[in-house]
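**Q** Everything in the sequence shown is counted per my numbering, starting at 24 for the first residue and increasing by one.
Before I ask anything, here is the structure I am working with.
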Amino acid sequence: MADLSGNYEIRRFGAVSKGKDGYAEAETWSRAVSFGFHESTRTPEHVAKTLETYEADQRVLTGAYQTGPVAPSSLPADVPVATFGTMRNTLNVGFGRLVEAHLVTAVTVRTSHRRRGLLRRMMSEDLQLAKDDGVPVAALTASEGTIYGRFGYGVASFERNVKVDTTARFSLRHQATGTVEVADPRALLQLAPEVFGRVHRLTPGSIGRQDWYRQLASGALGRDGKEDPAVKVALHYGPAGNIDGYVSYKFLGWDTEPYTVEVVDLVAGSNDAYLELWQFLGAIDLVERVSWTEAPLDDPLAWALDDPRCIDSSDSRDMLWLRILDVPNALAGRHYPTEGRLALKVLDPLGLTAGTYALSADGGEAAVERLPGTADADLTLDVSALSSIYVGGVSPVTLAAAGKIREHTAGSALKARQMFAVERATHCLTHF
Numbered sequence: 024m025a026d027l028s029g030n031y032e033i034r035r036f037g038a039v040s041k042g043k044d045g046y047a048e049a050e051t052w053s054r055a056v057s058f059g060f061h062e063s064t065r066t067p068e069h070v071a072k073t074l075e076t077y078e079a080d081q082r083v084l085t086g087a088y089q090t091g092p093v094a095p096s097s098l099p100a101d102v103p104v105a106t107f108g109t110m111r112n113t114l115n116v117g118f119g120r121l122v123e124a125h126l127v128t129a130v131t132v133r134t135s136h137r138r139r140g141l142l143r144r145m146m147s148e149d150l151q152l153a154k155d156d157g158v159p160v161a162a163l164t165a166s167e168g169t170i171y172g173r174f175g176y177g178v179a180s181f182e183r184n185v186k187v188d189t190t191a192r193f194s195l196r197h198q199a200t201g202t203v204e205v206a207d208p209r210a211l212l213q214l215a216p217e218v219f220g221r222v223h224r225l226t227p228g229s230i231g232r233q234d235w236y237r238q239l240a241s242g243a244l245g246r247d248g249k250e251d252p253a254v255k256v257a258l259h260y261g262p263a264g265n266i267d268g269y270v271s272y273k274f275l276g277w278d279t280e281p282y283t284v285e286v287v288d289l290v291a292g293s294n295d296a297y298l299e300l301w302q303f304l305g306a307i308d309l310v311e312r313v314s315w316t317e318a319p320l321d322d323p324l325a326w327a328l329d330d331p332r333c334i335d336s337s338d339s340r341d342m343l344w345l346r347i348l349d350v351p352n353a354l355a356g357r358h359y360p361t362e363g364r365l366a367l368k369v370l371d372p373l374g375l376t377a378g379t380y381a382l383s384a385d386g387g388e389a390a391v392e393r394l395p396g397t398a399d400a401d402l403t404l405d406v407s408a409l410s411s412i413y414v415g416g417v418s419p420v421t422l423a424a425a426g427k428i429r430e431h432t433a434g435s436a437l438k439a440r441q442m443f444a445v446e447r448a449t450h451c452l453t454h455f
């Protein structure tokens, strides 16, 4: 990699809210991110609200800044030509186990400064820092599908858009065990993190949420930086009267046909809560369709409907990407439902995890040992493939068929599928 130190300077600083030292730098960084994602110029109020939530998340903001003269009349040197943001949260790796995850977000490079190694430099340095901190895995959600494999990331979960016909065809084969009641949307400012916490502990592939989500679900802060008065909220109460789910939604207006309710956020802490929130959505008067952009692929709704063709769904798309940073700690951090031993030769384009490892699972627990470089392996795989199978959302057998895993011992890919299985479908409701 070329030495860019004479042309660019990489700066890292914490997100701060308005009125604190460093706000001007954070504000300029935020505007550079908006430019990179083709957003309209944000108002000062929108930027201030955004940075307030970033501070709550304890985000670290990284920028690449020009150190030499800038072109006349172009953006000044204090505006970063590339951006990169991070925060820490937890990842559910199956069976209720949570590991710390390094979340990467806000990755942009200005068009006029591409092909100069800026993204590689920021990503490589940042992942090394996270590994040095003892974090076993990094994660991101990608706006482009061709960028992050070269850095060792692999797709670990998927989602889809659904449009559900809620006319007379809509009927669920489900006997309600709880109740659903409409609530003041502002109730979710407190309740949303509590309810999501339960879902997070139950769902493999789930990522802990940033502060912004409670603002979005409650309508307190829409995607445009303003309060969203269209948002409505319903809460699900379990048999004991505890709140174990909610749906945040809004009507798209009488000009939208068929008349449609759009789900803003649907979080259910039990199977009954999930189906009963859908029963509520399907019963809303004067509405003919409910749309949701974050539905799971393996969706109980399809099997609970009398007519599953009520669901018009898009093809699946990748959602969560993972990147293992420390193979022994990552693999030892999860539960294994079957016993077995696998020798894994891991390839790594950044050199962070390359090596051969013996994974031995017994009684749900795992021991991971680094083997000599000459040791025979059952499977050879890139760290991106290991990251894809880590939380059970992608089958090693499928990756072997695709040529992304090489099987040296017959049946090893099947054994890996059995060992890396999780207790329920992998799904991530957290975009970041």
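Backbone N, C-alpha and C define an ideal beta-carbon position, used for all residues, glycine too.
Given the structure is predicted, the values throughout are model-derived calculations rather than measurements.
Among the residues of its own chain, which have a CB less than 6 Å from the CB of residue 366, if the five just before and after it don't count?
**A** On the sequence shown, residue 366 is found 343 positions in, with the first residue counted as 1. Excluding sequence neighbours, residue 366 sits near 381, 400, 401.
**Q** Would you mind stating whether residue 287 and residue 272 have Cβ atoms separated by less than 7 Å?
**A** Working through the sequence shown from its first residue, we reach residue 287 at position 264. Working through the sequence shown from its first residue, we reach residue 272 at position 249. Yes; because the gap between Cβ atoms is below 7 Å, this pair is in contact.
**Q** Apply the 10 Å Cβ neighbour rule to residue 68 and answer buried if 16 or more other Cβ atoms are within range, or exposed otherwise.
**A** If you number the sequence shown from 1, residue 68 lands on position 45. Residue 68 is exposed by the Cβ-count criterion.
**Q** Pick helix, strand or coil for residue 379, following the three-state DSSP scheme.
**A** Here residue 379 refers to the residue found at position 356 when the sequence shown is read from its first residue. In the structure shown, residue 379 sits in a strand (DSSP, three-state: E or B).
**Q** Counting only runs that start and end within the stretch 299–346, where is the alpha helix (DSSP H) found for 4 or more residues in a row?
**A** 323–327
**Q** Quick one: measure Cβ to Cβ for residue 452 and residue 317, integer angstroms, because I've assumed they're closer than 8 Å.
**A** By one-based count along the sequence shown, residue 452 stands at place 429. By one-based count along the sequence shown, residue 317 stands at place 294. Rounded to whole angstroms, the Cβ separation of residue 452 and residue 317 is 6 Å, and the two are in contact under 8 Å.
**Q** Using a Cβ-Cβ cut-off of 8 Å (strictly less than) and excluding sequence neighbours within five positions of residue 148, which residues of its own chain qualify?
**A** The residue you call residue 148 lines up with position 125 of the sequence shown. Correct list, in chain order: 33.
**Q** With residue 115 and residue 229 assumed to form a contact (beta carbons below 8 Å), what rounded beta-carbon distance in angstroms separates them?
**A** In the sequence shown, the residue the question calls residue 115 occupies position 92. In the sequence shown, the residue the question calls residue 229 occupies position 206. About 4 Å; that satisfies the 8 Å criterion.
**Q** Return the CA-CA distance between residue 28 and residue 350, expressed in angstroms with no decimal places.
**A** As a position in the sequence shown, residue 28 is number 5, starting the count at 1. As a position in the sequence shown, residue 350 is number 327, starting the count at 1. In this predicted model, residue 28 has a pLDDT of only 43, less than 50, meaning its place in the structure is not dependable enough to derive any value.
**Q** In whole angstroms, what separates the C-alpha of residue 152 from that of residue 65?
**A** Here residue 152 refers to the residue found at position 129 when the sequence shown is read from its first residue. Here residue 65 refers to the residue found at position 42 when the sequence shown is read from its first residue. So the alpha carbons of these two residues sit roughly 31 Å apart.
**Q** For residue 430, count neighbouring Cβ atoms within 10 angstroms of its own Cβ and tell me buried if that reaches 16, exposed if not.
**A** The residue labelled residue 430 in the question sits at position 407 within the sequence shown. Buried, because 16 or more other Cβ atoms sit within 10 Å of the Cβ of residue 430.
**Q** Can you grab the Cα-Cα spacing for the pair residue 194 / residue 423, in whole Å?
**A** Position 171 of the sequence shown, counted from the first residue, corresponds to residue 194. Position 400 of the sequence shown, counted from the first residue, corresponds to residue 423. Cα to Cα, the separation comes out at about 41 Å.
**Q** Just list the beta strand (DSSP E) runs in the stretch 210–295, keeping only unbroken ones of 3 residues or longer that don't cross its boundaries, in chain order.
**A** 255–260, 266–274, 283–291
**Q** What is the rounded straight-line gap between the Cα of residue 434 and the Cα of residue 187?
**A** Working through the sequence shown from its first residue, we reach residue 434 at position 411. Working through the sequence shown from its first residue, we reach residue 187 at position 164. If you take the alpha carbons of residue 434 and residue 187, they lie about 41 Å apart.
**Q** If we count the other Cβ atoms within 10 Å of its Cβ and call it buried at 16 or more, is residue 60 buried or exposed?
**A** For the purposes of this step, residue 60 is identified with residue 37 of the sequence shown, where counting begins at 1. By the neighbour-count rule (16 or more Cβ atoms within 10 Å), residue 60 is not buried but exposed.
**Q** Residues in the same chain with beta-carbon distance under 7 Å from residue 129, minus the five sequence neighbours each way, listed in chain order, please.
**A** Stepping through the sequence shown from its first residue, residue 129 is reached at position 106. Taken in chain order, the residues that qualify are 56, 106, 107, 108.
**Q** I need the DSSP call for residue 125, collapsed to helix, strand or coil.
**A** Position 102 of the sequence shown, counting from 1, holds the residue named residue 125. Three-state DSSP puts residue 125 in a strand.
**Q** Whole angstroms is fine: what's the gap from residue 264's alpha carbon to residue 203's?
**A** Translated into the one-based positions of the sequence shown, residue 264 becomes position 241. Translated into the one-based positions of the sequence shown, residue 203 becomes position 180. About 10 Å.
**Q** Between which two residues does the alpha helix (DSSP H) holding residue 408 run?
**A** To locate residue 408, count along the sequence shown from 1; it is residue 385. Residue 408 -> alpha helix (DSSP H) spans 406–412.
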